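Colleague:
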Amino acid sequence: MDLPFTGERVIPGKVEPDLWAEHLSRYLFAEPLAGARRVLDLGAGAGYGSERLSKIAKSVVAIDLAVDAMRYAREHHPGRNVHHVAASAEKLPFRKGSFDLVVAFEILEHVHDQPGLLAEVRRVLTPEGIFVVSTPNRLYYTDERNEHNEFHVHEFEVPELQEFLAPAFAQVSLFVQNHAPAVVIGEAGREGLEPARAARPRAEPPAETYRTCHYAIAVCGPQATRLDSMVFFPEAQGNVLREREKHLKLLQAEVTSASESLRELRADWERRGASNRDLEAELRRSQSDFRRVEREWRERTEWAVRATAEAEAARAETALVKAELEEVIKRGGAILPHLARLFKRARNSIFATTMAAAAVPVSLGIGAAAVATGAAARLRPRRRHETARMADPRLATIQILNYEGRELLERNLPSVLAAVAHTGQPHEVVVVDNGSTDGSVEMLREDFPQVKVVPLDRNYFFSRGNNLGVPHASHDVLVLLNNDMRVEPDFLPPLLAPFDDPDVFAVASQIFFAKREARREETGLTRARFVEGMLEYSHDALPANPGRLIPILWGGGGSCAFDRRKWDELGGLDTMYDPFYCEDLDLSLRAWRRGWKVMMAPESKVWHEHRATSRRFFGEDFVNEIARRNSYLLHWKNLDGPGMLASHLLRLPLLVARDVRRHGRSGARSFAKAVKHAPRALLRRAREPAGGPTLRSVLDDTNAAAPAVLFRAPKELRDGGPLKITMVTPYDFWPVRHGGAVRMYNVVRELARRGHAVTVAGFVDTDEQLAAARQLESFCTEVRLIKRRCTVPGLKDRLGIAPAELAEFDQIELHRELNTLIARHDPDVIQIEYTQMAAYARASDRSILCLTEHDVAFMSVYRHALAKSGLQERASEYARYLKMFRYELEALRRFDVVFAVTPRDAKILSGYLNGAVRVSDAAPTGVDVSSLRKIQRAPDAASLLFVGYLSHTPNVDAILYFAREILPRIHQRVPEATLTIAGANPPDAVRALAADPRITVAGFVPDLAPHYAKATAFVSPIRVAAGVRVKLLEAFAAGVPVVSSVQGGEGLDVADGRELLLAGSAEAFAEKTVALLRSPESTAMTARARDFVERCYSWPAIVTALEDEYRAALRRKLARRD
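Here's what the structure looks like:
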């Protein structure tokens, strides 16, 4: 078999001679101790060392955790007395005192339980046994060269290794291993040179030796062990210069290949630039086309008005055509069917145009009346609705409406009575008969005497029939069932349990079709979408694990339980919709508007025979005509908010024309009947109280599957003890790549460290980020992240009143993930990060809502507008600023606490919000001061550093401004000055800066410590953003002198010349930077800057302030609720 080289395991013949010599020399060093002894080789790897020792040892046991390594060793390095064992060094399968010598080369740093390993070695050694162990020097490899090894658990400094071993062994002798160049004269014809003994080391090597050595070797035992130092010349290394020459040739080939790749990339960059210019030209053409389409739309609107007048003339012409066609029909002929179809099509087209024109004034009238009734509803005195808890929500009246359904009652009523008996409770069953003539009443009295019968004198249809039956109910939960519903024996308890919450209005059952092969058109999971001016209703499929309760848009009147007291307050079903359809949806919408909840209990199951009684008695055309009429009335009565109502009314003529084209006169009658009933709908609209949830929010909640926990009674908010906190984020924050991530990661980690249960929901951009974020699960209770769909704002978004760029952050998938977290954990605090995530704020009596304003968004947009030069660009940015200003201030009012990261931001927001929301600057964004203090400064000459997340537009603007306006001024005075740009996702414009050899675009840098150590000065040329510059604070903590724009220092209590240098123009920025480069000594300023950060921006202090704000907000909410 073949064994791969891993970098940790050396395979003879497959590595360069230096590395082979480094590993083999340790076995040669220990060889004198192995003579005639029992030897254990820990971490034997490929087995070459065990084979070497076996030549003089009594026996050798080679042990390694890798089975394939032991199999390889047995095949390639068997040895005469070597036994190969696959086992863990942390739990050795040998008896006490089994070995005289244990060697462990390059294994100690890989072991998690290092004290346990040492104890195992001591156990298997004889009392006189010797332990030889080697390990890399952490100071040399990791600290100074930043060569982190992901396989190493803990590395040692040389003195630390001695301290670790001393408690287990009486004597510990330390040796060091280094590489050194040499010139060797040896016997001719030999392939290599044997080990040569060198001078003994000093008894106490100086500290410098321990700092610079490559490896440490310890020889441990009951007494001091004397071994000679050695120099090892590996085979095939006789001519070092020849080897170096080969290596240089390989490197030159790689440089040539990289240069060719660079030329290809530059050519590709030029092609992309040309493509970008083409796209910009296409965009300008598209904008021109849009303006042209806008003109055409106005012209066509004028045409529609003229068409209304022309339609009257066309009607007269149609009469003449009809007369002529009738003459043709009398004569007969082959073209008769074709002409009849043409006539019908022409008639419907003209009729549709006429009806559309007639709908225009109707639309305007309904719009004006809706605005007036809405204003009247808002002017009416508002009162908080208080519903008393029901006397006994465990008891229900089951009401079944019947019309000519004797056969259905005989078949399905027994299942209802069985379900009542199954509960063991005295529930009531009532059948309201709508004037049946098929003997239903007589059958009920004779065969089902336990059922209360309410006979009506005629058919009062669905709404009035049910309303007339409700006064006969004895209990406070009213369950409405169709007569063609068969119920499961345990369908009733899941319907009644949610009524323990006094805010629940209705609970619906899950619906199945009795004919299992039929398509499942009804499920009970009712939702709707608002599309092109109309509500599109649906019964959605249930998820795999639906849970106990799901919010739905409406409870169907044929399989739903209602709170009777709320039913009475709403006035029951609206008889305006008689004879049928839309009345149950209307009732539920009115309940939602009052803040009551409509839920579905999936565990309550009913089976629908779907006999369609209405269609059998009234006919298909009449039923469809009524359904269309009631749909219009439902919209006119319930659509709220200017956006939804305007969208419906603007499209109303088109909707009417569509119905007429599809259904002819029946479509026209639907609209005409709706117009006839419109005053009733609008009057009912005026009677509904204002101030409740909007229809848009109800649609959002039900479509996003808002968790049932939000619809339960308020919980006892906890003011003490650990909190349950859910954080909602727009970006990934592990690994830490940008300033916002610094705050989010450290806040989450510190909160979790203090014992709070932290959950996270949010977006990432790539699969790599999704995988990396699993690290958060090590200290978070649950993490639910999804990839954000890339969406381009459409015309609707750009013309809307909300900022177009926010659309990509408001995605239904994340709403559902967040709601899943809330349902599972019932958090005390929902902490939302960034303004663009405010759409996920949902008021609840069960938790407080907090928002972190990483920067004031409208201020960022405003400064961006100021930075634009062109009139058109500046006007566009000002329009964006006004949208963001309106949106942000409205959004902030949804929260209990808004955290501003600077006192200046807090002052701005408090001034606009005028006390409506608590705005706190007690928890600013901080830095990891303790880590940054450890950086050892060794600055290069004239080295500038910029750090910033380059997916963030203000950072890109800043570095391009610096490179184009400031850096050339610096180079005029300090030509050798270099600039390093560190930050993830640099765009092409930033990458192009690297064409200047003095500029390095480093991209994402996992550890910035080496850059902070070498930088002469840190530059922060921010122009267009608010908030705290986190990287600027990190530079303070690392001891790097800082030059910043005035905007970059805003929000911090700093002064020019005290903690940093501030500049208000490109020339001033260049001058102050050059002054630092020429006289880099600024010890006093950097010391003041570091002290400033330690006092104000350490994470433990910030999170303590955050906890205090959370608990104060919980107390305020609890006091308001009480």
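Just so we're aligned, residue -1 is where the sequence shown starts under the numbering used here, counting upward by one. Cβ atoms here follow ideal geometry from the backbone N, Cα and C, with glycine treated the same way. Keep in mind it's a predicted model, so treat the numbers as computed, not measured.
#1: Looking at residue 782 and residue 815, is the spacing between their C-beta atoms short of 8 Å?
#2: Any idea which residues DSSP pairs residue 559 with across the strands?
#3: Return the residue from the list 152, 103, 76, 77 that minimises the CA-CA distance to residue 113.
#4: Quick check: residue 893 and residue 849, are their CB atoms within less than 8 Å of each other?
#5: When you compare only the Cα positions, how much space is there between residue 1109 and residue 851?
#6: Where in the segment 109 to 182 do unbroken runs of the alpha helix (DSSP H), each at least 4 residues long, occur, reported from the N-terminal end onward?
#7: Smallest Cα separation from residue 73: which of 669, 1042, 247, 46?
#8: Report the three-state DSSP secondary structure of residue 185 (helix, strand or coil).
#9: Could you check the C-alpha separation between residue 493 and residue 397 for me, to the nearest Å?
#10: Is there contact between the segment 458 to 477 and the segment 515 to 534, where contact requires at least three CB pairs shorter than 8 Å?
#11: Can you look up residue 829 in the DSSP assignment and give me helix, strand or coil?
#12: Can the beta-carbon of residue 680 be found less than 8 Å from the beta-carbon of residue 636?
#13: Whose C-beta lies closer than 8 Å to the C-beta of residue 371 among residues of the same chain, with five residues either side of it excluded?
#14: Would you tell me roughly how many angstroms separate the C-alpha atoms of residue 163 and residue 8, rounded to the nearest one?
#15: Just how far apart, CA to CA, sit residue 748 and residue 1102?
#16: Count the other C-beta atoms from every protein chain shown that fall within 10 angstroms of the C-beta of residue 110, then say buried if there are 16 or more, exposed otherwise.
#17: Between the beta-carbon of residue 786 and the beta-carbon of residue 806, is there less than 8 Å?
#18: Taking its Cβ as the centre, do 16 or more other Cβ atoms sit within 10 Å of residue 332, making it buried, or is it exposed?
#19: Straight-line CA distance for residue 1104 to residue 1098?
#20: Could you name the residues that DSSP lists as bridge partners for residue 400?
#21: Might you give, ordered along the chain, the residues of its own chain that have their beta carbon closer than 7 Å to the beta carbon of residue 879, omitting 5 neighbours on each side?
#22: Judging by CA-CA distance, which residue of 1031, 148, 105, 54 is the nearest neighbour of residue 924?
#23: Do you know offhand how far residue 1018's Cα is from residue 1043's?
#24: Please report how far the alpha carbon of residue 37 lies from the alpha carbon of residue 731, in whole angstroms.
#25: Candidates 487, 559, 674, 422: which alpha carbon is nearest residue 628's?
#26: Mark residue 1029 as exposed unless 16 or more other C-beta atoms lie within 10 angstroms of its C-beta, in which case mark it buried.
#27: So is residue 196 buried or exposed if we call it buried at 16+ other beta carbons inside 10 Å?
#28: Of the choices 686, 912, 898, whose alpha-carbon is the least far from that of residue 568?
#29: Can you give the beta carbon distance from residue 90 to residue 118, rounded, assuming they're within the 8 Å contact cut?
#30: Alpha carbons only, please: which of 828, 775, 751 is nearest the one belonging to residue 725?
#31: For the putative contact between residue 177 and residue 16, defined by C-beta atoms under 8 Å, what is the C-beta separation to the nearest angstrom?
#32: Just to confirm before moving on: does the CB-CB distance between residue 1039 and residue 1016 stay below 8 Å?
#33: Report the option in 900, 955, 85 whose CA atom is closest to the CA atom of residue 865.
#34: The alpha helix (DSSP H) with residue 674 in it runs from where to where?
#35: Going by CA-CA distance only, name the one from 77, 745, 44, 69 that's closest to residue 57.
#36: Here's the rule: buried if 16 or more other CB atoms are within 10 angstroms of the residue's CB, otherwise exposed. What is residue 476?
Modeller: Let's see:
#1: Residue 815 sits at position 817 when you count from the first residue of the sequence shown. Residue 782 sits at position 784 when you count from the first residue of the sequence shown. In this structure, residue 782 lies closer than 8 Å to residue 815 by Cβ.
#2: Numbered from its first residue, the sequence shown carries residue 559 at position 561. Residue 559 is bridged to 477, 505.
#3: Indexing the sequence shown from 1 puts residue 113 at position 115. Answer by Cα proximity: 152.
#4: As a position in the sequence shown, residue 893 is number 895, starting the count at 1. As a position in the sequence shown, residue 849 is number 851, starting the count at 1. Yes; because the gap between Cβ atoms is below 8 Å, this pair is in contact.
#5: In the sequence shown, counting from the first residue as 1, residue 1109 sits at position 1111. In the sequence shown, counting from the first residue as 1, residue 851 sits at position 853. Approximately 19 Å between the Cα atoms of the pair.
#6: 112 to 122, 156 to 163
#7: On the sequence shown, residue 73 is found 75 positions in, with the first residue counted as 1. Answer by Cα proximity: 46.
#8: Looking up residue 185 in the sequence shown gives position 187. With a pLDDT of 48 at residue 185, under the threshold of 50, the modelled position of this residue cannot be trusted; read the value that follows with caution. Residue 185: coil per DSSP, three-state reduction.
#9: As a first step, residue 493 is located in the sequence shown; it is residue number 495 there, counting from the start. As a first step, residue 397 is located in the sequence shown; it is residue number 399 there, counting from the start. Whole-angstrom Cα-Cα distance: 14 Å.
#10: no
#11: For this step, residue 829 is matched to residue 831 along the sequence shown. Note: residue 829 maps to strand in three-state DSSP.
#12: To locate residue 680, count along the sequence shown from 1; it is residue 682. To locate residue 636, count along the sequence shown from 1; it is residue 638. Not closer than 8 Å, so no.
#13: Here residue 371 refers to the residue found at position 373 when the sequence shown is read from its first residue. Counting only Cβ-Cβ distances below 8 Å, and skipping sequence neighbours, we find 680, 681, 683, 684.
#14: For this step, residue 163 is matched to residue 165 along the sequence shown. For this step, residue 8 is matched to residue 10 along the sequence shown. Straight-line Cα distance between these residues: approximately 26 Å.
#15: Indexing the sequence shown from 1 puts residue 748 at position 750. Indexing the sequence shown from 1 puts residue 1102 at position 1104. Going from the Cα of residue 748 to the Cα of residue 1102 covers about 9 Å.
#16: Position 112 of the sequence shown holds residue 110. So residue 110 counts as exposed.
#17: Translated into the one-based positions of the sequence shown, residue 786 becomes position 788. Translated into the one-based positions of the sequence shown, residue 806 becomes position 808. A contact, by the Cβ cut-off of 8 Å.
#18: The residue labelled residue 332 in the question sits at position 334 within the sequence shown. At residue 332, the pLDDT of 49 sits below 50, so the modelled position is not reliable; the number obtained from the coordinates is stated separately. It is exposed - the Cβ of residue 332 has fewer than 16 other Cβ atoms within 10 Å.
#19: The count along the sequence shown starts at 1 and reaches residue 1104 at position 1106. The count along the sequence shown starts at 1 and reaches residue 1098 at position 1100. Those two C-alpha atoms are separated by around 10 Å.
#20: Taking the first residue of the sequence shown as 1, we reach residue 400 at position 402. DSSP lists 431 as partners of residue 400.
#21: Against the sequence shown, residue 879 aligns to sequence position 881. Hits under 7 Å: 856, 859, 860, 863.
#22: To locate residue 924, count along the sequence shown from 1; it is residue 926. When only C-alpha atoms are compared, the closest one is 1031.
#23: Stepping through the sequence shown from its first residue, residue 1018 is reached at position 1020. Stepping through the sequence shown from its first residue, residue 1043 is reached at position 1045. Near 6 Å, if we compare the C-alpha coordinates of residue 1043 and residue 1018.
#24: The residue given as residue 37 occupies position 39 in the sequence shown. The residue given as residue 731 occupies position 733 in the sequence shown. Taking the straight line joining both Cα atoms gives about 50 Å.
#25: Within the sequence shown, numbered from 1, the residue matching residue 628 stands at position 630. The shortest Cα separation from residue 628 among 487, 559, 674, 422 belongs to 674.
#26: For the purposes of this step, residue 1029 is taken as residue 1031 along the sequence shown, with counting starting at 1. Buried, since its Cβ has 16 or more Cβ neighbours within 10 Å.
#27: Sequence index remark: in the sequence shown, residue 196 carries index 198 (1-based). Confidence is the limiting factor: at residue 196 the pLDDT is only 40, short of 50, which leaves the residue's position unreliable, though a coordinate-based value still follows. So residue 196 counts as exposed.
#28: Taking the sequence shown and counting its residues from 1, one reaches residue 568 at position 570. The residue with the shortest Cα to Cα distance from residue 568 is 686.
#29: Position 92 of the sequence shown, counted from the first residue, corresponds to residue 90. Position 120 of the sequence shown, counted from the first residue, corresponds to residue 118. Indeed, because the Cβ distance is near 5 Å, the residues count as touching under 8 Å.
#30: Counting from one through the sequence shown, the residue named residue 725 turns up at place 727. Per the Cα distances, 828.
#31: If you number the sequence shown from 1, residue 177 lands on position 179. If you number the sequence shown from 1, residue 16 lands on position 18. At roughly 7 Å, the Cβ-Cβ gap stays under 8 Å, so residue 177 and residue 16 are in contact.
#32: Position 1041 of the sequence shown, counted from the first residue, corresponds to residue 1039. Position 1018 of the sequence shown, counted from the first residue, corresponds to residue 1016. In contact: residue 1039 and residue 1016 (Cβ atoms closer than 8 Å).
#33: By one-based count along the sequence shown, residue 865 stands at place 867. Per the Cα distances, 955.
#34: Taking the first residue of the sequence shown as 1, we reach residue 674 at position 676. Element bounds for residue 674: 663 to 685.
#35: Taking the sequence shown and counting its residues from 1, the one referred to as residue 57 is at position 59. Residue 57 has its Cα closest to that of 77, out of 77, 745, 44, 69.
#36: Here residue 476 is taken as the residue at index 478 of the sequence shown, counted from 1. Residue 476 is buried by the Cβ-count criterion.
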